[in-house]
Each structure stands twice: as structure tokens, then as C-alpha cells.
Amino acid sequence: MIKRILLCAIACITFTTAMADEGMWLPSLIKERIKVMRKKGFRLKADDVYSDRKASLKDAVMQFGGGCTGEFVSAEGLLLTNHHCGYASIQKLSSVEHDYLTDGYWAKSRAEELHVPGLTISILERMEDVTDRIAAGESKESIIEQAKQGKGCRASIESMYYGNQHYLFVYRVYNDVRLVGAPPSSIGKFGGDTDNWIWPRHTGDFSMFRVYADANNEPADYSTDNIPYRPKRYFPISTKGVEEGDFTMIYGFPGNTQEYVTADAVEYVAEISNPMKIALRTIRLDIISEAQSKDVATRIAYAAKHANIANAWKKWEGESLGLERLGTADKKRAYEKNFAAWAADKPQYTTLIDSMHAAYKKAIPGYFARELFNETIAGIEVYNFAAWLVAQHSKGEKLTADVQVIGRQYYLKDYRAQIDKTIATHMIAEFIKRMPVENIPQELTAAIENYGGVESFVENLYNQTQLITKYPLTTEEILNDPMVQFATWFVPQVNKNREYAYRNLSNVPTIEKWYKEYMQALREWDKERAFYPDANFTLRVAYGTICGYENADGEYHTHLTTLDGIMAKDNPEIYDYNIPQVLRDIHAEKDYGRWGIEKNGKQTIPVCFLANNHTSGGNSGSPVINGKGELVGINFDRTWRSTMSDIEFDPSICRNISVDIRYVLFVIDRIGDASYLFNEMDLK
Ligand code: ARG
Ligand code: ASP
């Protein structure tokens, strides 16, 4: 008996400490977590993290572009984010003569900072629980209208816990953002797709920008009259480094998690969706890689496309393996069974699990069709150009030469028709093989039959279309073009896809409505569980500690990598591992100056570290903050075995990967020769 009590005590302790590091918390409610955070080593107070009355850390954090995070590191609008978050901007400013992606860029003065057209950053002014106001009958539109005051204001209402709560978020959006500096890709993207999602990691994944404002510190369109934005708060930077066991906090904008979904959703992701998407992307990646290996120009042209396709592909593989390893679906089924037993005598919940099950059954075919379409037909580059032309035309837009230029620049950028054609052949065949007949356009079936097979159909399509070869085209030529015809066959599918265009399957309205009740019921039933709302691109706090993990039986991965690991990977023959010569020289001379640390009795430079903060896509670029509120790193990735954390977070294995701020400073100083920037930063 005593033994049983003891066992339970141990299990309970493991359970609660384990729970403690899981979660992405709403900053305005952080007072509910602050005790746990302080126990782990946080020294600040809840209203230092978030306040809408005084300056707090939230004023130093921003949403960078559409899907990343960034943080201010000076009183004059200087900000840090990831290299992969700045990648598109750096590419936009690059040309053959000025290849900033390859060579890096460092402004030597403010005058040399480069405006990035189209790049915006959003700073959260305040958030407010408006659940009661909505329940009292106020419309979301009017709440948003009232909230939007001041230049560049953006407001939105986001639902939490599947519509059980509603929060208003009010942002200031700044659109004069300038590139200050970026390391060469051989540092910022070191390891490329090979090392992506992998530990040990050695990527200097950072870039620097500056936000400009008008004389009143308000958002203003780009102008040479603008002056650096003065944030209410910015992060001091710790040069002291991190040790295993240190407290860390991540403050950023995670995009999409689904921690409360039922077993049906997990099974869909792990057994249907991910395997389908992985198989299709493997085909596309093989075709692209093969072409890249034969020609340097093609390798460069398809670098970003390859990286994008490969990023999610690799994540899904890790996610499916992780879900299987954890037995997530089975655990969820058991959990639901217990829940149903509890709900049996509660009329409002008795049939809930059955209703959800039925709702999934009904929605899955449509959602699957959308995903399959996106991974096959929508993976054909010139199809997207054709579909865009069709959409423009049906909106009543004139298909002028100028309009065509816009489309070509977007859809046929760095384009190789031969690659696209090979992809099209495979993707159309896969579409037909995998799609239920009723979703296959009859015109497609007829055309393939007519040409005697997919291959000759595609051959003909690419031979006949003028979209790739001729510019400008007359409206008539466009409308009669076989590729445009091909695109029109899929218009019904594209329209149907809109019904399923939500963050994930569980957010499709016919399913989501049941989750509202389910979440409410779970909170009544599962009193021990610490509930936090799923990620939805709103600002969150995650906390944890610096730590390694056991990657495999007997194989422990330590928390810190160093320059010596970069040197071990360095190889001029391999594109992803070919570091700049200056880095080799610095290493050869052990000329580390103030940036050197001692590891195993030798001088080296710290590069990346691990922690067990709960992060997701969108957290890239997030500040990694120590117990004193100082910046110690920039978050950029997770380990491969962690990627199921969007569905089940396992504290024993889930780790986020950050670039050590000391490596960032070293690169600014010794590779970028831009240490003048330190004058405006607060280095501790
Ligand atoms: N895996 C990281 C995140 O999901 C980094 C992606 C960028 N790097 C790359 N090699 N593709 O987005
Ligand atoms: N690399 C991701 C991002 O770009 C972060 C993650 O998924 O862990 O946001």
C-alpha cells in the first residue's frame, strides 16, 4: 500500500513538473503563472511582462512580417529577428551585382540602411477580454471600429478555446522598415535544409532591421524625413551566456497548435494527411534536387522554393513519427472514453463525443480534397499563374500587359519550365490516383483519354501554352490558352476548398462548433489540467529551462553547440557547409577576443542552445529571455523529434532551438565589422 502511495506521489510530481513547461500563455493572464515562473528563476513581476498601463516587455516584442516574431534591442528602433524571417526581404534587395543573400549586408551608417518595400511590423498596444461585451450583444465590428484609434492602427478579435472566449488585439503597424544587416547565407542559413529541424545545430539564423516613424513616433510611409522609432521598451542583452538549468522565457507569436483535438483529428493528421503530403512533396523535392544537382544556376533559382517545400515536409515526417511514438491517438481515445463516462449523466454533454465523431466523418473528405489539391495541382507553378489570370478576369480586371507582368513576376519567378512540366506530369497522375472520382474534373479525364495518357497530355499542354513563352498576350490569347483552360476546370474545386480553408481541420466551422462545448466540458471535468488556448498568431509567453535531452537510448544531446562544431562540418565542396574564409581564419588563429568562452578546457565561440520552451511555427525570431529579462538568444527552430508538440507536447523530448546571442554579437562584430551598432545597444 505504502509502495502504491509512493508510486502515485512520484507519478504526480513528474506529471505536475512536466505540465509546468508546457503551454503558451496569454500575456495579460501571466499573473496566473508568475509563481511557477519565479520558482524556475524568473525575477520580474507579472506587470513587467505585460501591462497596458506602463511600459513592459511586450512593448519590445513585435510581429515581424506576416508570420515571424522580432524584438527591439535599442532605444532607436533597432530590431533582431531570424535570417530565415528576413530572407525574402534580403532577396528582394539583392541583385546579381549586390547579392546580399550570398555575401551578407551591413549598413555602415544609418544612411546605408535599406528600405524594404512591403515589409511591416506590428506592435501590440493592448489586448482585452471582450467575451462579455460580445455576449451582451455588441458586434465584433463595432468593438473593432471603436478600438482603432490613431495612425496605423490595426485591431482584430481572436477567439480562444474554440470560441469560448474572445480577445481584442490592438496593434500599431509600421511600414518603414529598413535592413540594417544580415550575415552571409553560409552563416545565416548554415546547414541549409540538411540541418533544418536538427540538433546539433550551428546556424547563425539572425538578421537586423530598423523601424522608422514620423516626428511623433507614429507609423508613416517610407520617407527620408522619417526618424528611428523609439520603442517604449527594448531588451538589454546578456553577454554572460546560458547554463543548463537556467530559466528561459519565449515571447512571440506562435501560429497553430491543436492540443485539445480528439483522436479522430490526430488520426487524420498522422495517418491520412501527413503521409499523403509527405509522399507528394518527396516526389517534387526529388525532381527539383535532381535538376539542381545538374546546374548551378538552377540550384540558386530553386533554393527558396526547395527550402519552403522541404521545411514542412520534414516537419510532418517528424510529427507523424512523434505521434506514433507517443501513442497520442490511443491516449486520446482513452481520455475521451473517461470523459464520456463522466458525461453520461450530464444531458448537455452526453452525446458530445459521438457528435464530434460524426462531424469529423462528414468533414474529412472535403478537407482531404482541399489538402490533396493544394499539394498536387496547386504545386504546378504555371497552373497558379493561369488560375490567377482566371481569377483576375472573373473579377472584371483587364488583363493588360502591366497586369501580366505582376503575375509573371510573382508566379514565374526563377522559373524552369522543364522542372515544372516534370512536376505537373507526376502531380496530375497522383491527383487522379488519390482523388475520389467525383472530385476529378470530367474535362481532365476526357483530355487525358484523348491524348492517350497523362504524359502526352502534359507534353501537349506545355507545348501549346503561350503563358511561359510569350509576353504580352492578348486577352483572347489568354482565355483560349490551354493552360488557362486547364485552370478553369478546377474552379469548382477551388471554390469548394474555401469552405475548408481554416487553420486546421478542427477549425472547420462544422467541427469547431462542437469544440466550444467540449472545451467548456473539459474544464469542468479535468480540473487538474492547466489549460491554455491553442496558438493562433497572437502574442504568447512560454517558459522553461535550458536543457539537453536523451535523443535515443544512451545518446544524450547536450544543450550547447560551438564554433568547433561548425569547423567539423565545414566543407567547401558542400554548398550548405561552405563557411566564409574569415571564419576559418578566426578559428585557425583562435582569435576570439571578447567573444571566446571556455569549453572542455579550450577556447571556442558558443553558437546555438536548446531549451524546453513550448514553441511553434511563428515563434521564429522570438526573444529568448533570461530570469532578469535580458536577451540571451533568438528562437528559430525545434528538434525533429519535437515536432509533434503542435498536437502533444512531451516535456522529456520537446526542445526549441535558439541562436546564442553571443554568436550574434560575434558575427556582427567580426564578420560584419559593424560593432558600431553596439553603441546603441545595452550589452550587459
Ligand atoms: N524549421 C524552421 C521553421 O520552421 C526554419 C525554417 C527555415 N530554414 C530552412 N532551411 N528551410 O520554420
Ligand atoms: N522555424 C519555425 C518558424 O519559422 C519555428 C518552429 O516551428 O519551431 O516559426
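Heads up: the sequence shown begins at 310 in the working numbering, then just goes up one per residue. Every residue gets a Cβ at the ideal spot worked out from N, C-alpha and C, and that includes glycine. Note that this is a predicted model, so its numbers are computed, not measured.
In this structure, T557 keeps its C-beta atom at 9 Å or more from the C-beta atom of N789. Relative to the non-hydrogen atoms of the ligand ASP, the Cβ of K670 never comes closer than 8 Å to any of them.
Residue state for Y414 is assigned as strand, using DSSP reduced to three classes. Of the candidates E467, D843, V479, the residue whose Cα lies closest to the Cα of K457 is V479. Within the chosen limit of 8 Å, the ligand ASP reaches the beta carbon of N391 through at least one heavy atom. Between the ligand ARG and the CB of W625, the shortest heavy atom gap is not smaller than 8 Å. Put simply, of V551, R849, S451 the residue whose alpha carbon is nearest the alpha carbon of N565 is R849.
With a minimum length of 4 residues, the unbroken runs of alpha helix (DSSP H) contained wholly in the stretch 700–746 fall at 710–720, 726–743.
Scanning its chain for C-beta atoms nearer than 7 Å, with the 5 sequence neighbours on each side dropped, one finds around K825 the residues Y471, G472, N473, in chain order. Within the stretch 522–584, the beta strand (DSSP E) runs of at least 3 residues that lie entirely inside it are, in chain order, 556–561. A distance below 9 Å separates the beta carbons of L366 and R542. Look at the beta carbons and you see the stretch 331–342 not touching the stretch 889–907: under three pairs across the two are nearer than 8 Å. With contacts defined as CB atoms closer than 9 Å, I596 and I496 fail to qualify as a contacting pair. For T571, the number of other beta carbons within 10 angstroms of its own is at least 16, and it is reported as buried. Here the distance from the Cβ of A456 to the nearest heavy atom of the ligand ARG is not below 8 Å.
Contact check for M346 and Y852: beta-carbon distance about 5 Å, within the 8 Å limit, so the pair qualifies.
Distances from the CB of S929 to the heavy atoms of the ligand ASP include at least one below 8 Å. Beta-bridge analysis with DSSP links F373 to C377, I430. In the DSSP assignment, the residues bridged to R435 are V479. Counting along the chain, L848 sits inside no alpha helix (DSSP H), nor does DSSP assign it H or E at all. DSSP places M665 in the uninterrupted alpha helix (DSSP H) bounded by 661–684. Every beta strand (DSSP E) of 3 residues or more that sits fully in the stretch 435–476 is shown, in chain order, as 462–469. A residue is called buried when at least 16 other Cβ atoms come within 10 angstroms of its Cβ; S602 does not meet this threshold and is exposed. Note: W904 is not bridge-paired with any residue in the DSSP secondary-structure output.
Taking all protein chains shown into account, S961 has fewer than 16 neighbouring C-beta atoms within 10 Å of its C-beta and is therefore exposed. In the DSSP annotation of this structure, the continuous segment of the beta strand (DSSP E) that includes H866 starts and ends at 864–866. The beta carbon of G927 sits closer than 8 Å to the beta carbons of G376, C377, T378, G561, F562, P563, G564, N565, A844, F846 from its chain, once the five residues preceding and following it are set aside; these are given in chain order.
Counting the other Cβ atoms within 10 Å of the Cβ of T952 gives 16 or more, which makes it buried.
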